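Chemist:
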Amino acid sequence: MKKLGIAVNNFGANQLSCLLIENANKFLAKRYDIDILGFYENSIKYTITCNFATMQSVEMWGYTGPTIVTSLNTAHDIINIPSIPKKYFYIWDLEWLFIKGKDYQKLHEIYTNPKLTLLTRNEDYAKLIEQCWNVRVANIIEDCNIEKLVSTIYETRNDS
Amino acid sequence: MKFLFSAGKGLEAQSVRLGWQNALRSLGYTCVVWNEDEKNIFDMFDEFQPNFFVIFGEDLDRAHLKAIAESHKKAECPCIPIIFATHRDNVDEKEKYLLEKFVEKKLLTHLFSVDFQNHAKLWEECLGVPTLSCLPALDLIRYKQSVIDNMYASDITFIGQYENKKIPFACEFLFPLSNQGLKVKIFGYGDWPIANYLGSISNYDIFSKIVFNSRINLSFSYPESKTFSERIFKIIGCHGFPLAHVLNENHLNLLKELEIPYFRDGKELVSKLILFLHHDQYSREQIKNLVYKKAIEKHTYLHRIEQVLSLFDINIKDAVHEKIRDSSK
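Protein sequence lines, in the order shown, are assigned to chains A and B.
Under the working numbering, the residue at position 30 of the first sequence is numbered 30, and the numbers go up by one with no gaps.
Under the working numbering, the residue at position 170 of the second sequence is numbered 1170, and the numbers go up by one with no gaps.
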């Protein structure tokens, strides 16, 4: 069975979590060949019941499937995890805009890290990311579409 | 020779202090920065016994005055204060009051202004003490040429602190550039309210990479500040291509002397950007090299130190020339 890990800040009431859970539930009702595992940084009461397993993000250290992270914090955590074969950073929010007293070097290390493949949610975000960080966004996936995320990870030519 | 420095309150004072320290250390002198929170000035003088006490006007207080006076009485080689008047348009009243006390007690032989000659004259008239213009300069230790790295490439870069007073100028010069399809990047302290503000830079290597890999490095300030910022020399030191905003006549003369490309208003900025962005690599390199060559002829911290120490009958001309020759190789 193919694996897919998705790390978020929390599974509470926010747009990313709601879309992720809803889309993942729909996807899992149709497809039985993918095992989705959700990782959260903070445990918050779920707004929608997940039909997939969830666990604390520290468990990513033993995970062996490709993993998508969705925030700077989770991206920072995943970079040095050796067991994860493919690491994707799905840039849901342009977080560097909201950080107070930001340090360029730390942000640069994450956004331009060769271990992370960048994905984002729309054309404008992709343009801004490419302009600011001199990196290529590999794919644009709207509204946390799990089907597209899975196809990006598993159905590209060089993937096993 | 031993130099004791006051820490400096503002970012600019700290930057100038670092420039001085690096240059003095490269000449083999001992430099110590005194942190007023950790040790009182009297203990510092007793333990370190400096030959020179370099203090910024904004750091001055009565304790310094007393400590220097005592050191003059006690030590065989008395401490000579080098005082930098901070860069304001007018003479700061608090600084003036304290400096007058220094003059009264005959502790002050020279004063140095971190600004152009006209500001130095203002102090000279005020205190009756010879005042020298001692502008910020090029720090050959901190700012060096970097390597080509596409990860840091940009069309236009501005590195500077975000302040309320800079907003009108940023709105006129800087922000509209982002909408022209150019890769504009802004760095510095103070959370600039714009998407291409990418944070502060705390590492000199990264600073050099950013400046070196940018096609044009803007340098601007607000005219009321009357501040001569070290920024332009940082750009030159990293072999970056500078484009400076003219603050006043004295500033313009300096830019002309160093052959630095400049602009006076938004219109001129756009025309110069179009001109320089269309330059090929070779002509850009030529301009950069010429500016660097001019800067290291006269405007490094080593030159400033040589100028200051010559007033105290200390000649370091040969050592300075040797250092500059080494660094320009």
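For each residue, glycine too, the CB sits at the ideal point set by N, CA and C.
As the structure is a computational prediction, the values presented were derived from the model and not from experiment.
(1) Helix, strand or coil: which one does DSSP assign to C1031(B)?
(2) Thinking C-beta only, is T1030(B) closer than 9 Å to K1066(B)?
(3) Kindly indicate if chain A contains any beta-carbon less than 9 Å away from that of Y1152(B).
(4) Straight-line CA distance for L16(A) to N113(A)?
(5) Rounded to whole angstroms, what is the Cα-Cα separation between D93(A) and N122(A)?
(6) I'd like to know if W92(A) contacts chain B, where contact means its C-beta is closer than 9 Å to some C-beta of that chain.
(7) For Q15(A), return the contacting residues in chain B, with the cut-off set at a CB-CB distance below 9 Å.
(8) Could you give the distance in angstroms between the alpha-carbon of E1172(B) and the alpha-carbon of D1155(B)?
(9) Quick one, which residues of the region 99 to 115 of chain A are near chain B if we go by CB-CB under 9 Å, in chain order?
(10) Which residues of chain B have a Cβ atom closer than 7 Å to the Cβ of L97(A), listed in chain order?
(11) Roughly how many angstroms lie between the CA atoms of I1316(B) and S1310(B), to the nearest whole one?
(12) Could you say which of Q1307(B), D1092(B), E1036(B) lies nearest to I1082(B) if we only look at CA atoms?
(13) Answer with yes or no whether the minimum CB distance from L1177(B) to chain A is below 9 Å.
(14) Note down, in chain order, every chain C residue with its Cβ under 9 Å from the Cβ of F1187(B).
(15) Which runs of the alpha helix (DSSP H) spanning at least 4 residues fall entirely within the region 40 to 88 of chain A, listed in chain order?
(16) Going by DSSP, which residues form a beta bridge with I1055(B)?
(17) If you compare alpha carbons, which of I1041(B), G1199(B), D1191(B), L1177(B) is closest to L1218(B)?
(18) What does the Cβ neighbour count give for I153(A), buried or exposed, with the cut at 16 atoms within 10 Å?
(19) Which residue comes first and which comes last in the beta strand (DSSP E) that contains R1215(B)?
(20) Does any CB atom of chain A fall closer than 9 Å to the CB of G1199(B)?
(21) Considering only their Cβ atoms, is the gap separating L1108(B) from A1085(B) smaller than 9 Å?
(22) Express the C-alpha separation of A1013(B) and G65(A) in angstroms, rounding to a whole number.
(23) Leaving out the 5 sequence neighbours to the left and right, which residues in its chain are closer than 8 Å to N10(A) when beta-carbon positions are compared?
Modeler: Straight from the coordinates:
(1) If DSSP states are grouped into helix, strand and coil, C1031(B) belongs with the strands.
(2) Result no, Cβ atoms of K1066(B) and T1030(B) do not sit closer than 9 Å.
(3) Yes - at least one Cβ of chain A is within 9 Å of the one on Y1152(B).
(4) Taking the straight line from one Cα to the other gives about 23 Å.
(5) Using only the alpha carbons, I get a separation of about 11 Å.
(6) Under the 9 Å criterion on CB atoms, W92(A) is classed as non-interfacial with respect to chain B.
(7) Within chain B, no residue comes near Q15(A); the closest Cβ sits about 20 Å away, beyond 9 Å.
(8) For the pair E1172(B) and D1155(B), the Cα-to-Cα distance works out to about 18 Å.
(9) Flagged, chain order: I99, K100, G101, K102, D103, Y104, Q105, K106, L107, H108, T112.
(10) Within chain B, the residues whose beta carbon sits less than 7 Å from that of L97(A) are A1195, listed in sequence order.
(11) C-alpha separation (whole angstroms): 8 Å.
(12) Of all alpha-carbon atoms in Q1307(B), D1092(B), E1036(B), the one lying nearest the alpha-carbon of I1082(B) is that of Q1307(B).
(13) No Cβ of chain A is located within less than 9 Å of the beta carbon of L1177(B).
(14) Given the protein chain composition of this structure (A and B), no chain C is represented.
(15) Segments of the alpha helix (DSSP H) lying fully in the region 40 to 88 of chain A: 72 to 78.
(16) Partner(s): I1083(B).
(17) Taking the Cα of L1218(B) as reference, the smallest distance to any Cα among I1041(B), G1199(B), D1191(B), L1177(B) is reached at L1177(B).
(18) Flag for I153(A) reads buried.
(19) Element bounds for R1215(B): 1214 to 1219.
(20) For G1199(B), the nearest beta carbon of chain A is closer than 9 Å to its own beta carbon.
(21) When the beta-carbon positions are compared, A1085(B) and L1108(B) stay at least 9 Å from each other.
(22) Those two C-alpha atoms are separated by around 53 Å.
(23) For N10(A), where only same-chain residues beyond five positions count, the Cβ hits under 8 Å are S17, Y40, E41, N42, S43, I44.
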